[in-house]
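Reading through the structure tokens given below for one structure.
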Amino acid sequence: MNLYTASPQTSSQAIAPAPAKPEVSVVVPIYNEVDSIPHLVETIATTLRKSRLNYEIICVDDGSRDGSAELLKQMAEVRQDLCVVLLRRNYGQTPAMAAGFHRARGQTIVTLDGDLQNDPVDIPNLLAALSEGYDLVSGWRKHRKDATLTRTLPSKIANWLIGQITGVKLHDYGCSLKAYRAELVADMNLYGELHRFLPALAYIEGARITEIPVNHHARRFGKSKYGLGRTFRVLMDLLTIYFFKTFLTRPMHVFGLLGILALLSGSATGLYLAALKLIWGQDIGNRPLLVLAVVLFLAGVQLFCFGLLAELQMRTYHESQNRPIYRVRETIGPGGVRVGQAD
Ligand code: UDP
Ligand code: MG
Numbered sequence: 388m389n390l391y392t393a394s395p396q397t398s399s400q401a402i403a404p405a406p407a408k409p410e411v412s413v414v415v416p417i418y419n420e421v422d423s424i425p426h427l428v429e430t431i432a433t434t435l436r437k438s439r440l441n442y443e444i445i446c447v448d449d450g451s452r453d454g455s456a457e458l459l460k461q462m463a464e465v466r467q468d469l470c471v472v473l474l475r476r477n478y479g480q481t482p483a484m485a486a487g488f489h490r491a492r493g494q495t496i497v498t499l500d501g502d503l504q505n506d507p508v509d510i511p512n513l514l515a516a517l518s519e520g521y522d523l524v525s526g527w528r529k530h531r532k533d534a535t536l537t538r539t540l541p542s543k544i545a546n547w548l549i550g551q552i553t554g555v556k557l558h559d560y561g562c563s564l565k566a567y568r569a570e571l572v573a574d575m576n577l578y579g580e581l582h583r584f585l586p587a588l589a590y591i592e593g594a595r596i597t598e599i600p601v602n603h604h605a606r607r608f609g610k611s612k613y614g615l616g617r618t619f620r621v622l623m624d625l626l627t628i629y630f631f632k633t634f635l636t637r638p639m640h641v642f643g644l645l646g647i648l649a650l651l652s653g654s655a656t657g658l659y660l661a662a663l664k665l666i667w668g669q670d671i672g673n674r675p676l677l678v679l680a681v682v683l684f685l686a687g688v689q690l691f692c693f694g695l696l697a698e699l700q701m702r703t704y705h706e707s708q709n710r711p712i713y714r715v716r717e718t719i720g721p722g723g724v725r726v727g728q729a730d
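In terms of this note's numbering, the sequence shown opens at residue 388 and continues consecutively.
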């Protein structure tokens, strides 16, 4: 049984009541991490209190089956700096983080893993970097403590590929320890397993991004929730991100261009075959070129229609959510409100 008893310095008297609007919200997704939770919450709290920050810790239990939820509930009864969100079932790390983001009230949001692999002691360094004018500060596990062949190597390749495709040059996308300005997080919608691409999504939203080296520890309790299978999912997500970055507001430029090319080459081949038949009276019924001409023509029409539908869909995507196609960093002048200014 994991009955949580608050240590003397974490008793309800020692912890200041949760402020109306904390400066920092720390979001932690939790899936079967019962043994790590007490130490994790304690270290986050101690670190932030040392930095004299108003903070809240938001632990999102992602349908754990090892008693993590029960332990978190007990802890939340004692601690006023802890908010616990219990999801109905296991949704995955991205939805768990999204749930934490929705609940977070701080001007700054920090995320980290619930398995003690990230070190909460690094949080003040991230916050210091953020205050230099960045919108997102990402941790870089410079001395990573994971198996080389199955974890570190695929991650090195993935980081290089992601850098090439998204244009955000970071050493380590996979590190969960990150700090964000709250406005930035509010602008990003997360789906699938896109938590790995938060810097890329932030970059699409025009964020200023940097990274700083952080500690990394081997897993002490429990086991990793991912295997090599995630490599394929990362690649597929990368395609989505590439599309978002390049063509989201102009799909017709891709599909229209491909469609026209296919239509033109299909028509040219068809005309050539028609000339053979009509002028020179040759038999074209058994020529593979005829199949190619028909396929190209049909593919062209379809790509073109697909582009039109994508244009329609893109307008619905933006207009139904009042999602502008630009992001303002700051407006200065009469009537202007500085973004990020306390209200
Ligand atoms: N996690 C989660 N839901 C899941 C899988 C993972 O909330 O379905 C959490 C997990 O508890 C941990 C973080 O996401 O806090 C990262 O998971 P893990 O440590 O297994 O990933 P790794 O560090 O091995 O990449
Ligand atoms: Mg981990």
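All C-beta atoms, glycine included, are put in the ideal place defined by N, C-alpha and C.
Between which two residues does the alpha helix (DSSP H) containing residue i stretch?
| i | result |
| --- | --- |
| Ser654 | Pro638 to Leu665 |
| Ala432 | Ile424 to Lys437 |
| Ala542 | The question names Ala, yet the displayed sequence has Ser at residue 542. Per DSSP, Ser542 belongs to the alpha helix (DSSP H) from Leu540 to Thr553. |
| Leu457 | Sequence check: residue 457 is Glu here, not Leu. First-last of the alpha helix (DSSP H) with Glu457: Ser455 to Val465. |
| His489 | Gln480 to Arg490 |
| Asn512 | Ile510 to Leu517 |
Starting from residue i, follow its DSSP beta bridges and name the residues at the other end.
| i | result |
| --- | --- |
| Cys446 | Val415 and Val471 |
| Val497 | Val413 and Ala566 |
| Asn505 | His603 |
What are the boundary residues of the beta strand (DSSP E) that includes residue i?
| i | result |
| --- | --- |
| Gly526 | Leu523 to Arg528 |
| Ile671 | Premise fails: Ile671 is in no beta strand (DSSP E) and is neither H nor E. |
Report yes or no: do the stretch 441-448 and the stretch 459-475 share at least 3 C-beta pairs separated by less than 8 Å?
yes
Could you tell me which uninterrupted alpha helix (DSSP H) segments, each at least 4 residues in length, are contained entirely in the stretch 562-647, listed from first to last along the chain?
569-574, 585-591 and 617-634
Just jot down, in chain order, the residues whose CB lies closer than 7 Å to any heavy atom of the ligand MG.
Asp500, Asp502, Gln504, Arg606 and Ser611
So, do the stretch 626-644 and the stretch 694-714 have three or more beta carbon pairs nearer to each other than 8 Å?
yes
Flag this pair as touching only if the stretch 674-693 and the stretch 618-627 have three or more C-beta atom pairs under 8 Å; answer yes or no.
no
Check whether the stretch 550-565 and the stretch 489-499 touch, using three or more Cβ-Cβ pairs below 8 Å as the test.
yes
Any chance the stretch 657-674 sits against the stretch 630-638, with 3 or more Cβ pairs inside 8 Å?
no
Does the count of Cβ pairs from the stretch 512-529 and the stretch 596-612 closer than 8 Å reach three?
yes
Quick test of the definition: if touching needs 3 or more C-beta pairs under 8 Å, does the stretch 573-580 touch the stretch 649-657?
no
Using a Cβ distance threshold of 8 Å, determine whether the stretch 452-462 contacts the stretch 411-422, with at least three qualifying pairs required.
yes
Hey, is the stretch 480-493 in contact with the stretch 407-418, meaning 3+ C-beta pairs nearer than 8 Å?
yes
Can you find at least 3 beta carbon pairs, one from the stretch 579-594 and one from the stretch 504-514, that sit closer than 8 Å?
no
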